[in-house]
Amino acid sequence: MKKSMMKRVAVLSAVAAAFAVLAGCGASAANKGNTASGSTIKLGVNIELSGVGGGYGEQVNNGINLAVSEINKDGGVKVGKKTYKFKTVTQDNKTATSTAASIAAQLTSKEKVSALIGPATTNAATAALSNATKASVAQVSPSATAAAYTLQKSGKVQPYAFRTAFTDDFQGTKAANFVDDTLKAKKVAILADNSNDYGKGLAAAFKKEYQGTVVATQYFQAGDKDFNAVLTSLKNKGFDALYIPGYYTEIGLIIKQARQMGINTPIVGGDGMMDPSLTKIAGAKNVTDVYYTTPFSTLSAKTDKTVANFLDAYKAKYGETASAFNALGFDSVYLIKQAIVDAKSTNSVDIAKALAKVKDLKGVTGTMTIDSKHNPEKTISVEKLVNGKAVSATTVK
Amino acid sequence: MHTAMQQIINGLSLGSIYALLALGYTMVYGIIKLINFAHGDVYMLGAFWGYFIINKYHVDFIVALLSAMIVTAFAGMLIEYLAYRPLRNSPRITALITAIGVSYFLENGMSYLFGANTRNFPQVVQQHNYTAFGISISNIQLLILVTAIILMVLLQLIIQKTKMGTAMRAVAVDQEAAALVGINPDHVISFTFGLGSALAGAAGVLIGLYYNSIDPLMGMTPGIKAFVAAVVGGIGSVPGAAIGGFLIGLLETGVQAIGLSAYKDAAVYVVLILILIVLPAGLLGKNVKEKV
Numbered sequence: 000m001k002k003s004m005m006k007r008v009a010v011l012s013a014v015a016a017a018f019a020v021l022a023g024c025g026a027s028a029a030n031k032g033n034t035a036s037g038s039t040i041k042l043g044v045n046i047e048l049s050g051v052g053g054g055y056g057e058q059v060n061n062g063i064n065l066a067v068s069e070i071n072k073d074g075g076v077k078v079g080k081k082t083y084k085f086k087t088v089t090q091d092n093k094t095a096t097s098t099a100a101s102i103a104a105q106l107t108s109k110e111k112v113s114a115l116i117g118p119a120t121t122n123a124a125t126a127a128l129s130n131a132t133k134a135s136v137a138q139v140s141p142s143a144t145a146a147a148y149t150l151q152k153s154g155k156v157q158p159y160a161f162r163t164a165f166t167d168d169f170q171g172t173k174a175a176n177f178v179d180d181t182l183k184a185k186k187v188a189i190l191a192d193n194s195n196d197y198g199k200g201l202a203a204a205f206k207k208e209y210q211g212t213v214v215a216t217q218y219f220q221a222g223d224k225d226f227n228a229v230l231t232s233l234k235n236k237g238f239d240a241l242y243i244p245g246y247y248t249e250i251g252l253i254i255k256q257a258r259q260m261g262i263n264t265p266i267v268g269g270d271g272m273m274d275p276s277l278t279k280i281a282g283a284k285n286v287t288d289v290y291y292t293t294p295f296s297t298l299s300a301k302t303d304k305t306v307a308n309f310l311d312a313y314k315a316k317y318g319e320t321a322s323a324f325n326a327l328g329f330d331s332v333y334l335i336k337q338a339i340v341d342a343k344s345t346n347s348v349d350i351a352k353a354l355a356k357v358k359d360l361k362g363v364t365g366t367m368t369i370d371s372k373h374n375p376e377k378t379i380s381v382e383k384l385v386n387g388k389a390v391s392a393t394t395v396k
Numbered sequence: 000m001h002t003a004m005q006q007i008i009n010g011l012s013l014g015s016i017y018a019l020l021a022l023g024y025t026m027v028y029g030i031i032k033l034i035n036f037a038h039g040d041v042y043m044l045g046a047f048w049g050y051f052i053i054n055k056y057h058v059d060f061i062v063a064l065l066s067a068m069i070v071t072a073f074a075g076m077l078i079e080y081l082a083y084r085p086l087r088n089s090p091r092i093t094a095l096i097t098a099i100g101v102s103y104f105l106e107n108g109m110s111y112l113f114g115a116n117t118r119n120f121p122q123v124v125q126q127h128n129y130t131a132f133g134i135s136i137s138n139i140q141l142l143i144l145v146t147a148i149i150l151m152v153l154l155q156l157i158i159q160k161t162k163m164g165t166a167m168r169a170v171a172v173d174q175e176a177a178a179l180v181g182i183n184p185d186h187v188i189s190f191t192f193g194l195g196s197a198l199a200g201a202a203g204v205l206i207g208l209y210y211n212s213i214d215p216l217m218g219m220t221p222g223i224k225a226f227v228a229a230v231v232g233g234i235g236s237v238p239g240a241a242i243g244g245f246l247i248g249l250l251e252t253g254v255q256a257i258g259l260s261a262y263k264d265a266a267v268y269v270v271l272i273l274i275l276i277v278l279p280a281g282l283l284g285k286n287v288k289e290k291v
């Protein structure tokens, strides 16, 4: 019955999206794109503040707000001779594809924003994109990671889709390099979340790149709690490292159950397991010799001044240590700022063109260069956890 | 061979949870022919109660287990009183839809009140592993198996040897006739819900302890699988539900053991379809012809 409910919701969303598209059409007919009026550049923030992705969206939004207030305090954005301030127009898309699409239409046609940030999740970002494209406004998703988000069905790049996070392919590939070069593991077992594109994408990219032998690939579903059976069968095969792309709710349980049955090999995962709850679920002593790939490591603050400043500013404003999602939201604003400065224009079409050409922008999540598929090329870090605490970060090139 | 034995132990500990849940489905169905889809959520309530009382009052495992059973028994009776009793004489489909509604209500109500995040269950029992002949079993796995078996034996005693048990069986056979000989069916039905829900509550605490992770939607999948277990064992049959539960646990483990982990849930539902086609009454169910 759950399935049929989902189907009905999907149909309704499709209908709603269709209407939203029609609404978007009428508005953008006159002049191509939106241009700032007065001395403020409007940024539309189409973000998940509630629903399944609410936790991530909230974090991204905090990063966006910090960046905007920082830029405005430092005098704003210089475009030619004129100086503009940023103003965010934030709306909650409730992690619903239909809402994300209608918000994109509303922000571009009614609010006349020059650029869009969000949605944070791949599905919502993909749903919102068609309305952003209709209005010729660039949409920068801080954390959509599926490769398909920036691509059209034909394989050509979407002219108005950008992102700040690296793709699943990139992350899986780099994880394989890390396992090959740093851990020097010859045999790997993979246990991937197959209920979403994230786990499947990482596992596929890892397999393609990895030089050693993959002894077994097994899958689990979001919400699973018992991994004893699958871990017993993997243990029997023998491996030097375990690669488990998925989210912390299940990964925490896998680490706990693996360590309890005596699997003491290194365990490697993706940024989905980056959450303080991971250690609580797995038990601190089990989270040893555990690694994950991440766009952002707080440990790099020791050597990187940009990161150190960001961490201080975040702590001053929100009273807690910044996360990767905070950092991605923060960098998204600076990415757009760079594009506006490069374009010397506040027109959304010019901004989109300039975004595609951004090179060597120093952000808190690494130095970004936007490639031909509108993905940021940047370095990736691997954090090592011992007793539940991150002790070191390695940069993988 | 070692691996196979290890997998059987994994399967039995998983199966004992399904068995405890399946008993609740089968008892309620046996009495009022209602598939209580909210049963999996009562199990979630039990886990949350255990979480709450251990964190707040630092009680030990036995107190948490027993108090969770009492609380969920009352929750089950309350659900029956508020949601199902007013529909006692309506068509069966109405009660079934209501059960789905109650299930959604409990899941989303708990998400609203306490958040949808996964919580870590306090570890009141330290885990040790016992290893013999290369097979390891943890004290928590043993605890789950032993508790489940004790509860099942107790249940069987209640149904077979007590006055209330006799009344339950009488109402299951013919409600009106039972009422004629002086049994109050409302009391009996209420008691049945309480008993079934107490078992679900116990399963909730055991699962919390075993996996150390609880959330408001945790009852969904185990609930459906336990329902399959009840059907496999023969819905309405108490020993059948216990056997069905262990079978489903072993099946799920076996499918993963041979490397088909992506299909473990599908395998359970395939069994449901096959049983309904080949043996609709289940393994131990009575094949009763309905009169028109």
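Protein sequences appear in the order of chains B and L.
Just so you know, numbering that gives the first Met the number 0 puts 275 at position 276 of the first sequence, and the rest follows in order with no gaps.
Just so you know, numbering that gives the first Met the number 0 puts 276 at position 277 of the second sequence, and the rest follows in order with no gaps.
Even glycine gets a Cβ: it sits at the ideal position worked out from N, Cα and C.
Along the region 135-199 of chain B, the alpha helix (DSSP H) occurs as fully enclosed runs of 4 or more residues at 167-180, listed in sequence order. Around V70 of chain L, the same chain offers W48 and G200 as residues with beta carbons nearer than 7 Å, after the five sequence neighbours per side are excluded. Under DSSP, S380 of chain B takes part in a beta bridge, and its partners are B:T293 and B:T394.
In the assembly as shown, P279 of chain L is an exposed residue. Its beta-carbon has fewer than 16 other beta-carbons within 10 Å. The shortest C-alpha to C-alpha distance from K314 of chain B to any of B:G62, B:S36, B:G54 and B:A35 is the one to B:G62. Contact with chain L is absent for K388 of chain B, since none of that chain's Cβ atoms lies less than 8 Å from the residue's Cβ. For the region 252-278 of chain L, the residues whose beta carbon sits under 7 Å from a beta carbon of chain B are, in order, T252, Q255, A256, G258, S260, A261 and D264. For chain B, the residues of the region 213-231 of chain L that bring a beta carbon within less than 8 Å of one of its beta carbons are D214, L216, M217, M219 and T220, in chain order. Taking all protein chains shown into account, L106 of chain B has 16 or more neighbouring C-beta atoms within 10 Å of its C-beta and is therefore buried. When DSSP states are grouped into helix, strand and coil, P375 of chain B belongs to the strand group.
The closest CA to that of L42 of chain B, considering only B:T320, B:T87 and B:A137, is found on B:T87. Of all residues in the region 230-241 of chain B, those with a C-beta nearer than 7 Å to a C-beta of chain L are T231, S232 and N235, reading in chain order. By the rule that beta-carbons nearer than 8 Å mark a contact, N285 of chain B does not touch chain L. Under a 10 Å Cβ-count criterion, H186 of chain L is classified as exposed, with fewer than 16 other Cβ atoms of the shown protein chains found around its own Cβ. The beta-carbon of Y210 of chain L is placed less than 8 Å from the nearest beta-carbon of chain B.
Listed along chain B, no residue sits closer than 9 Å to N35 of chain L by beta-carbon distance, the nearest being about 14 Å off.
If you ignore the 5 residues before and after N9 of chain L, its C-beta comes within less than 7 Å of the C-beta of T252, all in its own chain and listed in chain order. Just measuring C-alpha positions, the residue of B:T216, B:T248 and B:K111 sitting nearest G258 of chain L is B:T216. Between D270 of chain B and T293 of chain B, the CB-CB gap stays under 8 Å. A191 of chain B and I242 of chain L have their alpha carbons spaced roughly 32 Å apart. Take H127 of chain L, set aside five residues on each side of it, and the residues of its chain with a beta-carbon closer than 8 Å to its own are S137 and N138, in chain order. Interface flag for L252 of chain B against chain L is set, since a Cβ pair is found closer than 8 Å.
Residues are counted here when their Cβ sits less than 7 Å from a Cβ of chain L; for the region 213-230 of chain B these are A215, Q217, Y218, F219, Q220, G222, K224, D225, N227, A228 and V229, given in chain order. For G362 of chain B, the uninterrupted beta strand (DSSP E) run begins and ends at L360 to G362, by DSSP. Of all residues in the region 50-74 of chain B, the ones placed with a Cβ closer than 9 Å to any Cβ belonging to chain L are V51, G53 and G54, in chain order. Distance from the CA atom of P221 of chain L to the CA atom of V227 of chain L, rounded to whole angstroms, is 10 Å. Under the three-state reduction of DSSP output, R87 of chain L falls in the coil class, being neither helix nor strand. No Cβ of chain B is located within less than 8 Å of the beta carbon of Q125 of chain L.
DSSP places M163 of chain L inside the alpha helix (DSSP H), whose first and last residues are K162 to V172. Annotation: Y42 of chain L is outside any beta strand (DSSP E); the continuous alpha helix (DSSP H) that includes it extends over H38 to Y56.
Under the 8 Å Cβ criterion, the region 305-321 of chain B does not count as touching the region 274-290 of chain B, having fewer than three qualifying pairs. S49 of chain B has its alpha-carbon roughly 39 Å from the corresponding atom of K234 of chain B. For D91 of chain B, the closest alpha carbon among the candidates B:T121, B:G56 and B:T278 is that of B:G56. Annotation: the continuous alpha helix (DSSP H) that includes G14 of chain L extends over H1 to I31. Contacts between S276 of chain B and chain L, judged by CB atoms closer than 8 Å, involve N116, T117 and N119 in chain order.
According to DSSP, residue pairing for N45 of chain B in a beta bridge involves B:Q90.
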